[in-house]
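Student:
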Amino acid sequence: MAVFGIFGTKTANVASSTYYGLYALQHRGQASTGIVVNDDGVFHSYKDSGLTNEVFTPRILEDLGLGQMALGNVRYGTSGTRDRVNAEPMLVNHVKGRLAISHDGALVNYAELRRELELEGAIFHTANDVEVFAYMITKARLSEPSTEDAVCKAMERLKGGYSMLIMSPQKLIAARDENGLHPLCYGIRDDGEYVVSSETCALNTVGATFVREVEPGEVVVFSKEGVKSIRTHCGKKPERLCVFEYLYTARPDSVINGCSVHLARKRAGAFLAKAHPVEADVVIGAPDSGIDAAIGYAEESGIPYGLGLIKNKYIGRTFIDPGQSVREDKVKIKLNPVVETVKGKRVVLVDDSIVRGTTMVRVVKLLRDAGATEIHVRSSAPEFLNPCYYGTDIGSKEELVACKYTPADMAKMFGAESVGFLPIEDVVKLGESGTCKGYCKACFDGNYPTEVPADDNDNKYDHKISENK
Ligand code: SF4
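Okay, so the sequence shown: first residue is 358 according to the working numbering, each after it adds one.
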């Protein structure tokens with residue numbers, strides 16, 4: 358999931374800029390998208406399921422009109438939460454005014470807070486955490502003098518990993534959980550408009566210059582008075598950026614906490630080459646996020662890098678799944694081997710992670726059918742052994758292949774010569790050129806930075822790594 362927002366004082370085509378910002382953040386969520394434009398306190402919104410370029414036609418963007426502020430979101434939803442009703446931003450009318458709210462992440466106490474609110478008479482319309490955020494903030498606003506004070510008060514009860522943006526008629530407010538699990542930053546454009554985004558790649562797209570990260574626990578308020586930082590929740594918990602942002606979630610051209618995602622991935626590949634060397638003729642990457650790590654593996658090992666798999670980039674929401682009953686293989690439709698690269702070669706195949714293992718069986722077969730004589734699978738993430746409760750779809754232990762099989766067993770299952778994973782001790786070194794003081798790596802080692810629910814079913818996983826991976 359991703360958030361994107363613009364604050365300015367002059368009337369401009371903020372809908373168009375938000376559209377391009379969301380387009381740059383599309384990799385973080387493909388289920389639904391939405392934009393709210395604020396024109397002197399009057400909100401115009403549109404949201405629907407689908408990709409940004411499918412949902413927003415030129416006519417819809419024109420109908421959103423001009424404004425001084427805008428808020429946008431792209432969202433991933435698993436089954437049951439993909440529909441339009443769960444799309445963000447959420448618009449809320451409350452006794453003190455109007456708000457639009459958008460978030461990236463998940464609450465670990467979603468079920469507890471929702472139950473508490475329902476017992477007080479609240480009626481929920483979605484299965485999305487953002488509705489709990491909205492209720493908690495509007496409830497706090499009854500006793501607090503401003504929206505930002507209400508956000509700070511609500512944060513006392515909101516537990517989990519989240520980056521959120523709230524737009525009131527006069528202000529744009531950015532907030533990040535106390536551990537700083539998900540990234541959030543802001544920049545400024547030449548015309549003085551502030552741009553807030555989950556990732557720096559979207560700042561670049563709309564011509565904004567990076568200013569800084571929103572700090573863990575910080576609330577940043579953009580208003581006509583300027584930029585105000587509220588640090589009530591800062592420094593209460595250790596910083597724990599999701600390390601999987603570097604391995605998979607973020608775009609390689611983004612910079613998180615001063616560290617290039619592309620360089621972090623190359624570093625993962627280099628560590629992998631040291632930990633799991635093998636004699637081979639070519640290193641190839643599984644597109645897209647395995648490519649950078651494959652280059653790092655090749656550079657460290659001295660084995661040449663080759664373009665071994667091509668991905669069809671045009672598979673979107675409208676992709677018709679061929680299912681089990683027809684001859685077409687979903688993996689073959691999405692991926693095709695470059696025979697000239699792999700035929701007669703001993704191949705190292707680097708992927709960003711191995712979750713369920715089902716796709717890897719097919720990819721190895723594709724390479725074998727294309728003439729690879731040996732296939733050595735390398736994952737630039739360590740073994741997934743635990744679920745994620747902070748918004749990344751790493752499901753229960755029963756679904757995780759590394760919970761059931763050793764790397765040697767996996768090699769047999771995949772039809773590969775060997776399988777190797779990034780050692781867990783190397784994962785914290787990926788962002789070493791940056792400023793981050795600590796990482797969440799709980800899906801690998803089980804050390805969660807917050808309390809987690811006793812019952813897995815209480816939680817939803819909002820962003821999906823990759824279908825059937
Ligand atoms: S559990 Fe894993 S995916 Fe979830 S926030 Fe932590 S490192 Fe990221």
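Quick reminder that beta carbons are idealized off the backbone N, C-alpha and C, glycines included.
(1) Could you tell me which of Leu428, Tyr433, Tyr377 sits nearest to Met447, measuring between CA atoms?
(2) Measuring alpha carbon to alpha carbon, tell me which of Asp709, Ile732, Leu470 ends up nearest Tyr605.
(3) Starting from the Cα of Asp726, find the closest Cα among Glu697, Tyr662, Lys754, Ile751 and give me that residue.
(4) With 16 other CB atoms within 10 Å as the buried threshold, where does Glu824 fall?
(5) Over the uninterrupted alpha helix (DSSP H) stretch that includes Ala768, give me the two end residues.
(6) Could you please give the first and the last residue of the uninterrupted alpha helix (DSSP H) stretch that includes Ile690?
(7) At what residues does the alpha helix (DSSP H) containing Val784 begin and finish?
(8) Going straight from the alpha carbon of Leu421 to that of Asn370, what length do you get?
(9) Between Phe801 and the rest of its own chain, which residues show a CB-CB distance below 6 angstroms, the 5 nearest in sequence each way excluded?
(10) Let me check understanding here. Comparing Cα to Cα, which of Leu742, Thr504, Ser555, Val718 lies closest to Val734?
(11) Does the distance from the C-beta atom of Gly795 to that of Arg597 stay below 9 angstroms?
(12) Does DSSP put His451 in a helix, in a strand, or in coil?
(13) Counting by C-beta, which residues lie closer than 6 angstroms to a heavy atom of the ligand SF4, in chain order?
(14) Below 9 angstroms between beta carbons: does that hold for Lys702 and Asp638?
(15) Can you tell me which of Lys367, Leu724, Thr409 puts its alpha carbon nearest to the alpha carbon of Asp548?
(16) Per DSSP, Arg569 is paired with what?
(17) Using only the alpha-carbon positions, how far apart do Glu501 and Leu541 sit?
(18) With Asn692 and Leu666 assumed to form a contact (beta carbons below 8 angstroms), what rounded beta-carbon distance in angstroms separates them?
(19) How is the beta strand (DSSP E) around Asn430 delimited, first residue to last?
(20) Residues in its own chain within less than 6 angstroms of His451 by CB, not counting five upstream and five downstream?
(21) How long is the line joining the alpha carbons of Glu556 and Ser611, rounded to whole angstroms?
(22) Take Ala444 and list the residues in its own chain whose beta-carbon comes closer than 6 angstroms to its own, dropping the five residues that flank it on each side.
(23) Rank Val553, Val809, Leu779 by C-alpha distance to the C-alpha of Leu629 and give the top, closest one.
(24) Suppose only complete runs of 3+ residues qualify. What are the beta strand (DSSP E) ranges in the region 577 to 659, listed by chain order?
(25) Taking DSSP's pairing of strands, which residues face Cys797 in a bridge?
(26) If you compare alpha carbons, which of Gly752, Ile530, Pro806, Phe567 is closest to Leu456?
(27) Who are the near neighbours of Pro694 in its chain, counting only those whose CB is closer than 7 angstroms to its CB and skipping five residues on each side?
(28) What beta strand (DSSP E) runs, 3 residues minimum, are completely inside the region 392 to 425?
(29) Does DSSP put Glu469 in a helix, in a strand, or in coil?
(30) Are Val707 and Gly626 touching if we call contact CB-CB under 9 angstroms?
(31) Am I right that Leu418 and Tyr377 are in contact with their C-beta atoms under 8 angstroms? What's the rounded C-beta distance?
(32) Looking only at its own chain, which residues have a Cβ that is under 6 angstroms from the Cβ of Thr675, when we skip the five neighbours before and after it?
(33) Quick one: grab the DSSP three-state call for Ile480.
(34) Hey, Ser658 and Val640 are a contact pair by Cβ (cut 8 angstroms); roughly how many whole angstroms apart?
Tutor: Concretely, from the data shown:
(1) Nearest in C-alpha terms to Met447, of all of Leu428, Tyr433, Tyr377, is Leu428.
(2) Checked all of Asp709, Ile732, Leu470; the closest Cα to Tyr605 is Asp709.
(3) Checking every option, the nearest Cα to that of Asp726 belongs to Glu697.
(4) Confidence at Glu824 is low in this model, with a pLDDT of 41, below 50, so the placement of that residue should be treated as unreliable; the coordinate-derived value is given next. Exposed: under 16 other Cβ atoms inside 10 Å.
(5) Note, Ala768: alpha helix (DSSP H), 764 to 771.
(6) 687 to 691 is the span of the alpha helix (DSSP H), which, as asked, contains Ile690.
(7) Start and end: 781 to 784.
(8) For Leu421 and Asn370, the distance between alpha carbons rounds to 9 angstroms.
(9) Non-local C-beta neighbours of Phe801 in its own chain, meaning closer than 6 angstroms and more than five positions away in sequence, comprise Pro739, Ile781, ordered along the chain.
(10) Nearest option by C-alpha distance: Val718.
(11) Annotated as proximal: Gly795 and Arg597, with beta-carbon spacing under 9 angstroms.
(12) Collapsing the DSSP output to three states places His451 in a strand.
(13) In chain order, the residues positioned with their C-beta nearer than 6 angstroms to some heavy atom of the ligand SF4 are Gly518, Leu538, Cys599, Val600, Phe601, Cys745, Tyr747, Thr749, Ile751, Cys797, Lys798, Ala799, Cys800.
(14) Using a Cβ distance threshold of 9 angstroms, Lys702 and Asp638 count as a contacting pair.
(15) By alpha-carbon distance to Asp548, the top candidate from Lys367, Leu724, Thr409 is Lys367.
(16) Secondary-structure assignment with DSSP links Arg569 through a beta bridge to Tyr543.
(17) In a straight line, the C-alpha of Glu501 is about 25 angstroms away from that of Leu541.
(18) It should be pointed out that residue 692 corresponds to Leu in this sequence rather than to Asn. That belief holds up - the Cβ atoms of Leu692 and Leu666 are roughly 5 angstroms apart, short of 8 angstroms.
(19) Element bounds for Asn430: 424 to 432.
(20) So the list reads Thr495, once near-sequence residues are dropped.
(21) Spanning the alpha carbons of Glu556 and Ser611 requires a straight line of approximately 6 angstroms.
(22) Here the set comprises Ser389, Gly391, Lys404.
(23) Its Cα nearest to that of Leu629, the residue Leu779 stands out among Val553, Val809, Leu779.
(24) When DSSP assignments are scanned along the region 577 to 659, the uninterrupted stretches of beta strand (DSSP E) that are 3 or more residues long and fall wholly within it turn out to be 583 to 587, 639 to 642.
(25) Looking at the DSSP assignment, Cys797 forms a beta bridge with Cys599.
(26) Measuring from the Cα of Leu456, the nearest candidate turns out to be Ile530.
(27) Taking Pro694 as the centre and dropping the five residues before and after it, the same chain places the C-beta of Gly665, Leu666, Leu723, Leu724, Ala727 closer than 7 angstroms to its C-beta, in chain order.
(28) Counting only runs of 3 or more, we get 399 to 406.
(29) DSSP places Glu469 within a helical segment (H, G or I) once states are collapsed to three.
(30) Going by C-beta atoms, Val707 is nearer than 9 angstroms to Gly626.
(31) With a Cβ gap of about 10 angstroms, Leu418 and Tyr377 do not count as contacting.
(32) Residue placement at Thr675 is flagged as unreliable, the pLDDT there being 47, under the threshold of 50; the coordinate-derived value follows with that caveat. Around Thr675, the same chain offers no residue with a beta carbon nearer than 6 angstroms, after the five sequence neighbours per side are excluded.
(33) Here Ile480 sits in coil by DSSP.
(34) With 8 angstroms as the limit, Ser658 and Val640 qualify as a contact, their Cβ atoms being about 7 angstroms apart.
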